[in-house]
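Visitor:
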Amino acid sequence: MGAIRVKLHELLNCLSGAQDLADPRLSNHHQQVAYLAYRFAEHLGMKNGEKNDIFSAGLIHDVGALSKNERLELTEAEPLSVNHHAFRCAKLFKNFLPLKKAAEIVKYHHIPWNGGEGQLFSGELVPFSSHILHIADRVCAQIKPGNDILSQVPSIVGSIAKRSGTVFEPSLVEAFDQLSRREYIWFDLQSPSPMSRVELEGNKVLHLGISDLLEFAGIMSQIIDFRSEFTARHSAGVAKTAAELARLMRFSKKDVKLIEIAGYLHDLGKLAVDNAIIEKKGSLTESEFNEVKKHPYYTHVFLSTVKGLKKVDKWASCHHERMNGEGYPFRMSDRNLPLGSRIVAAADVFTALTEIRPYRDGMDNESAMRVLKKMADYGALDSTVVDVITKNIEHINEIRLASQQEAIIRYREFFKEEA
């Protein structure tokens, strides 16, 4: 099974970019924080590895905030629950080796300096990089998109200076005062892609094995789905169902793994859709459904930025396309829909029919198959894929159910300390 050449920071920007798209006020926030934190580390003469870790931390620092409202609240203030999202992010990535150090930085990035007491939290040492990330985050949160950036500098510098020694470590406030005089930094922060303005020293393309990429995709699916207990299971069900269908249809071992990754990431674009719409129990209005229709498009927009994931992008972002051309958002048909996309589409429908939703119980196998066959008959789903589901319905549903039960256990364990 060959390796895939994927840059870690492209993957991280794919994830954080999808979250920042949820509201114009969040525009490029993760990239801005990553960029500025890196400039701090560079100014302070930190080692290459430390600079790269803090850059990674900046790109994921708010991914533990699982709703648009929570992310907006974090950019506008530091609420009493401010550490929840930081601890969640650390839990998500603590066992993923390439981001283990970045996760530790993120974990404590809202701890105030408090005259030096902020060097420890609950008896644990707070990395100095966490304090760098904190000040970078609070600076970027004050930038008003679309306004003249240099005219904003005096008030931002003054705001940070007032909290020296209390919220922020004094030497970092001094460093920021020096950095703030460099106009190019502010221009970079307002550029379309702040992270592209940094050349990471010693950074090499990571050669991620399929298992590493699958692990990362599983983490991303938790961020996508962990908005509520009802959504917590969906991507896991689609991923495992699609992988088993691909195996039964004699895909290579590598492509079985890739289609599982596509299943985990197929709803990535939903990070840009308001939770209230995703979790609505009643029928959607036309306007709300139009918002939902954007999600596979955004899945494509972000996955297409990651070189090496072209096949995954195609399979994941086309899960609402239909064989008869009546799907969305690309209006593709059987002539240009690869088999992998057809499998993910069928797995998505099967999982949605059989899983429990807030407004209904899941269908039994017989009822679900009637719906799938009807969709195949009028040209929505691939009849060959539906036939494979029909012939293996008990086996496939057992896999779907087991994967979703595991996902629910992970969800409840993940939020246990916040209950």
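So in the working numbering, spot 184 of the sequence shown is number 184, and the numbers just go up one at a time.
Glycine included, C-beta positions come from ideal geometry on N, C-alpha and C.
Measuring CB atoms only, is the segment 32-40 touching the segment 167-186, in the sense that at least three cross pairs come out at less than 8 Å?
Guide: Taking 8 Å as the limit for Cβ pairs, the verdict is that the segment 167-186 does touch the segment 32-40.
Visitor: Is it true that the segment 371-379 meets the segment 281-290, where meeting means three or more beta-carbon pairs spaced less than 8 Å apart?
Guide: Too few Cβ pairs lie closer than 8 Å, so no.
Visitor: Does the segment 219-237 come close enough to the segment 298-309 that 3 or more CB-CB pairs lie under 8 Å?
Guide: The segment 298-309, when compared against the segment 219-237, does not touch it at the 8 Å Cβ threshold.
Visitor: Hey, R5 and G308: beta-carbon distance below 7 Å or not?
Guide: Yes, the pair counts as a contact, with Cβ atoms nearer than the cut-off.
Visitor: Shortest alpha-carbon distance to D267 belongs to which of Y297, P127, K257?
Guide: Checked all of Y297, P127, K257; the closest Cα to D267 is Y297.
Visitor: DSSP three-state label for F251, please.
Guide: Residue state, collapsed to three classes: coil.
Visitor: Apply the 10 Å Cβ neighbour rule to S193 and answer buried if 16 or more other Cβ atoms are within range, or exposed otherwise.
Guide: Label assigned to S193: exposed.
Visitor: Spatial neighbours of F168 within its chain, please: C-beta separation below 6 Å, excluding the five flanking residues on both sides.
Guide: Excluding positions up to five away in sequence, the list reads W113, I135.
Visitor: Looking at C-alpha atoms only, which residue of R322, Q404, S221 is the closest neighbour of R335?
Guide: Nearest C-alpha to R335: R322.
Visitor: Could you name the residues of the same chain whose beta carbon sits closer than 7 Å to that of N397, not counting the 5 residues immediately before and after it, in chain order?
Guide: Around N397: T354, N365.
Visitor: Between I223, R250, V386, G327, which has its C-alpha nearest A407's C-alpha?
Guide: Of the listed residues, the one whose Cα sits closest to A407 is I223.
Visitor: Leaving out five residues on either side along the sequence, give the residues of the same chain with a beta carbon under 8 Å from the beta carbon of A272.
Guide: Excluding sequence neighbours, A272 sits near A18, Q19, L21, A22, K294, H295, Y298.
Visitor: Examine the Cβ distances between the segment 244-252 and the segment 338-356 and report whether three or more of them are shorter than 8 Å.
Guide: Yes, they touch.
Visitor: Is it buried or exposed for P127, if we count other Cβ within 10 angstroms and need 16 for buried?
Guide: Flag for P127 reads buried.
Visitor: Quick one: which unbroken alpha helix (DSSP H) runs of 4-plus residues sit fully inside the segment 314-354? Chain order, please.
Guide: You should have 339-354.
Visitor: Start and end of the alpha helix (DSSP H) containing V430?
Guide: Residue 430 falls outside the range modelled here, since the chain spans only 1 to 419, and no answer is possible.
Visitor: Is the beta carbon of A57 closer than 7 Å to that of L172?
Guide: Going by C-beta atoms, L172 is not nearer than 7 Å to A57.
Visitor: What does the alpha-carbon distance come out to for the pair S333 and H320?
Guide: Distance between the alpha carbons of S333 and H320: 11 Å.
Visitor: Candidates L97, Q142, A86, F121: which alpha carbon is nearest N28's?
Guide: Closest by alpha carbon: Q142.
Visitor: Using CA atoms only, rank isn't needed, just tell me which of I111, Y411, D382, P98 is closest to G327.
Guide: The option with the nearest alpha carbon to G327 is D382.
Visitor: What does the alpha-carbon distance come out to for the pair I54 and I105?
Guide: Rounded to whole angstroms, I54 to I105 spans 7 Å at the Cα level.
Visitor: Considering just the uninterrupted stretch of the alpha helix (DSSP H) at D148, what are its terminal residues?
Guide: Per DSSP, D148 belongs to no alpha helix (DSSP H) and is neither H nor E.
Visitor: H110: which of C89, G325, V385 sits nearest, CA to CA?
Guide: The shortest C-alpha separation from H110 is found at C89.
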